[in-house]
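Asks: Take a look at the following structure, please.
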Amino acid sequence: MHSRTKRSLLLIAVAASAFDLAVAQNWSDGIETYAAGSAIDGQGGWDGWDGVQTGLSLVSTVQAHGGAQSIETVPGADTIYEFSGIDSGHGTFTAFVYVPSTTTGIFHLLIMDEYNHGGPYEWGAWMRFVVATSVVESDCGTSAATNTPLVFDTWEEVRVELDLDADTVEVYYAGNLLCTYLWSFGYNGSQNYLPIALEAIDLYPDPAGSGPFYLDDFQLNWSGDIGTNYCISTVNSTGASAIISATGSESVATNDILLSAAPVPNQPGIFFYGPDQIQVPFGNGFLCIGTGATGIARLAIENASANLITHQLDNTMPPAPSTQITAGSTWHFSCWYRDPAAAGAFFNLSDAVSITFTP
Numbered sequence: 152m153h154s155r156t157k158r159s160l161l162l163i164a165v166a167a168s169a170f171d172l173a174v175a176q177n178w179s180d181g182i183e184t185y186a187a188g189s190a191i192d193g194q195g196g197w198d199g200w201d202g203v204q205t206g207l208s209l210v211s212t213v214q215a216h217g218g219a220q221s222i223e224t225v226p227g228a229d230t231i232y233e234f235s236g237i238d239s240g241h242g243t244f245t246a247f248v249y250v251p252s253t254t255t256g257i258f259h260l261l262i263m264d265e266y267n268h269g270g271p272y273e274w275g276a277w278m279r280f281v282v283a284t285s286v287v288e289s290d291c292g293t294s295a296a297t298n299t300p301l302v303f304d305t306w307e308e309v310r311v312e313l314d315l316d317a318d319t320v321e322v323y324y325a326g327n328l329l330c331t332y333l334w335s336f337g338y339n340g341s342q343n344y345l346p347i348a349l350e351a352i353d354l355y356p357d358p359a360g361s362g363p364f365y366l367d368d369f370q371l372n373w374s375g376d377i378g379t380n381y382c383i384s385t386v387n388s389t390g391a392s393a394i395i396s397a398t399g400s401e402s403v404a405t406n407d408i409l410l411s412a413a414p415v416p417n418q419p420g421i422f423f424y425g426p427d428q429i430q431v432p433f434g435n436g437f438l439c440i441g442t443g444a445t446g447i448a449r450l451a452i453e454n455a456s457a458n459l460i461t462h463q464l465d466n467t468m469p470p471a472p473s474t475q476i477t478a479g480s481t482w483h484f485s486c487w488y489r490d491p492a493a494a495g496a497f498f499n500l501s502d503a504v505s506i507t508f509t510p
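Start counting at 1 in the sequence shown, then tack on 151, and there's your number in our numbering.
Structure, rendered in structure tokens:
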């Protein structure tokens, strides 16, 4: 990645394969399917800046967030993930970052408005993890950076909320909002990126430091989906983690929500919903929904096909009166599915999506 002083961007390319694009353009990578110690460049859609694979971003077992492996990146590395076809709609990108207190230097995470091997390049968002001053900073669409404290020796979430239709972006670290600005103005506010898009992510440790820095559990939930995704899903026997999405309208009167989860094994599964957000180990993954005062609403059994499972929600037929969906109510949805090929508990779950309903 090369832009003034090569402020390496962590090109968090909202990567999308043809399968991802067909299913609400959701993407996730928990770095669990690659051989430990191997270079991530050249695997699973990851590549080097301008196609130059340095071999310095490695699949590591030293630190991990959701499973047993993460990406370990050191100075000299410059790793990207590209996507295609994301030029409208809205979505959320998340990843987890671990910065050891023993490391030195600056790690750059960039989200690209445009990326091509050899250029042109357009940088939409730029986060810098500055060890010397213990801050995470972002230019936030201006020439003056905004910062928040850098947390060492623990995994913290990076979240980018991007709406291409509204031309807005919000950048978060460890739950703290760093900034919101116009995506088309670029990371420093001096650009006019048109047409706007989301094309890649870039992981770039500054050459002057020592590293290492660790990243794990990348997720992108994109398109015209409704609701807000939360919680973590773990890798299943398909080699990826199942992401839930909801399409249709939040309107109770319209009553047209389609729930989908993918990729999942071609096995039976059950969508369910409840009132509380939680995240506790369950089966081979995590249970993301709590019973609260209403209990859990279990919907009809569905059978997955082509690694996709769906359910047409009918809010006129709740499993119990206490779980009736009404205007103004907020419910959280997830999917339980069988996964005998993965062994362990022989079942797993998707992440969850929270939906607030309207009249």
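Every residue, glycine too, gets a C-beta built ideally from N, C-alpha and C.
Note that the structure is a prediction, hence the values are computed from the model and not measured.
Rounded to the nearest angstrom, what separates SER456 and TYR355 at their Cα positions?
Replies: So the two alpha carbons sit approximately 39 Å from each other.
Asks: Candidates TYR488, LEU459, PHE369: which alpha carbon is nearest GLN220's?
Replies: Nearest of TYR488, LEU459, PHE369 to GLN220, Cα basis: PHE369.
Asks: Given a cut-off of 7 Å on the beta-carbon distance, is the pair SER396 and ASP367 in contact?
Replies: Taking 7 Å as the Cβ cut-off, SER396 and ASP367 do not qualify as a contacting pair.
Asks: For the region 357-392, list the beta strand (DSSP E) runs that are entirely contained and at least 3 residues long, ordered along the chain.
Replies: Qualifying beta strand (DSSP E) stretches, in chain order: 364-374, 379-381.
Asks: Rounding to the nearest angstrom, what Cα-Cα distance links VAL266 and ALA351 in this structure?
Replies: Val is not the amino acid found at residue 266; the sequence shown has Tyr there. If you take the alpha carbons of TYR266 and ALA351, they lie about 6 Å apart.
Asks: Compute the distance between the beta-carbons of GLY378 and ILE506, then report whether it is under 7 Å.
Replies: Closer than 7 Å, so yes.
Asks: Thinking C-beta only, is TYR185 closer than 7 Å to VAL512?
Replies: Lying before the first or after the last residue shown, residue 512 is absent from the chain, which here runs from 152 to 510.
Asks: Tell me whether the beta-carbon of GLY242 lies closer than 7 Å to the beta-carbon of ASN372.
Replies: For GLY242 and ASN372, yes; Cβs fall inside 7 Å.
Asks: When you compare only the Cα positions, how much space is there between VAL105 and GLN342?
Replies: Nothing in the structure corresponds to residue 105, since the chain is present only between 152 and 510.
Asks: GLY385 and GLY217: beta carbons closer than 7 Å?
Replies: First, the residue type needs correcting, since residue 385 is Thr and not Gly in the sequence shown. Against a cut-off of 7 Å, the Cβ pair of GLY217 and THR385 comes out as a contact.
Asks: If we ignore side chains and look at the alpha-carbon of each, how far apart do GLN475 and TYR272 end up?
Replies: One C-alpha to the other measures close to 49 Å.
Asks: Could you check the C-alpha separation between ILE429 and ILE394 for me, to the nearest Å?
Replies: Each residue's alpha carbon lies about 16 Å from the other.
Asks: Looking at ALA190 and GLY256, is the spacing between their C-beta atoms short of 7 Å?
Replies: Against a cut-off of 7 Å, the Cβ pair of ALA190 and GLY256 comes out as no contact.
Asks: Taking C-alpha atoms, which residue in ASP318, ILE447, PRO346, TYR365 lies nearest to PHE303?
Replies: Among ASP318, ILE447, PRO346, TYR365, the Cα nearest to that of PHE303 is on TYR365.
Asks: Is ILE421 closer than 7 Å to ILE452 when the C-beta atoms are compared?
Replies: Contact: yes.
Asks: Where do the N-terminal and C-terminal ends of the beta strand (DSSP E) with LEU313 fall, by residue?
Replies: Segment 306-314, the beta strand (DSSP E) holding LEU313.
Asks: Apply the 10 Å Cβ neighbour rule to SER252 and answer buried if 16 or more other Cβ atoms are within range, or exposed otherwise.
Replies: That one is exposed.
Asks: At 3 residues or longer, and completely inside the region 171-244: list those beta strand (DSSP E) runs for me, N to C.
Replies: Taking only runs of at least 3 residues, the beta strand (DSSP E) segments lying wholly in the region 171-244 are 178-180, 197-199, 208-211, 221-224, 230-233.
Asks: Per DSSP, ILE447 forms a beta bridge with which residues?
Replies: Note: ILE447 sits in no beta bridge, so no partner.
Asks: Which value, in whole angstroms, describes the spacing of the CA atoms of PRO432 and TYR344?
Replies: If you take the alpha carbons of PRO432 and TYR344, they lie about 43 Å apart.
Asks: If I measure Cβ to Cβ from CYS382 and keep anything under 7 Å in the same chain, skipping five residues before and after, which residues do I get?
Replies: Excluding sequence neighbours, CYS382 sits near GLN430, PHE437, CYS439, ASP502, ALA503.
Asks: Throw me the rounded Cβ distance for the THR212 and ALA187 pair, which I believe falls under 8 Å.
Replies: Contact holds; Cβ gap of about 5 Å.
Asks: In whole angstroms, what is the alpha-carbon distance linking ARG310 and ASP264?
Replies: Each residue's Cα considered, the two are about 16 Å apart.
Asks: Identify the continuous beta strand (DSSP E) that holds GLU109 and give its terminal residues.
Replies: Because the chain here runs from 152 to 510, residue 109 falls outside it and cannot be looked at.
Asks: Between GLY434, PRO469, ASP465, which lies nearest to THR445 when the distance is taken from Cα to Cα?
Replies: When each option's Cα is compared against that of THR445, the closest is PRO469.
Asks: Nearest-angstrom Cα distance between VAL174 and PRO300?
Replies: In this predicted model, VAL174 has a pLDDT of only 38, less than 50, meaning its place in the structure is not dependable; the value taken from the coordinates is given anyway. Going by the C-alpha atoms only, they are around 37 Å apart.
Asks: Check each candidate in ALA496, THR205, PHE244 and name the one with the smallest Cα separation from ASP180.
Replies: The residue with the shortest Cα to Cα distance from ASP180 is PHE244.
Asks: What three-state label does DSSP hand PRO491 in the structure shown?
Replies: Correct three-state label for PRO491: helix.
Asks: What does a CB cutoff of less than 7 Å around ARG449 pick up in its chain, not counting 5 residues either side in sequence?
Replies: Excluding residues within five positions, the ones whose Cβ falls inside 7 Å are ILE421, PHE423, PRO470.
Asks: What is the residue span of the beta strand (DSSP E) that HIS268 lies within?
Replies: HIS268 -> no beta strand (DSSP E), and no H or E assigned at all.
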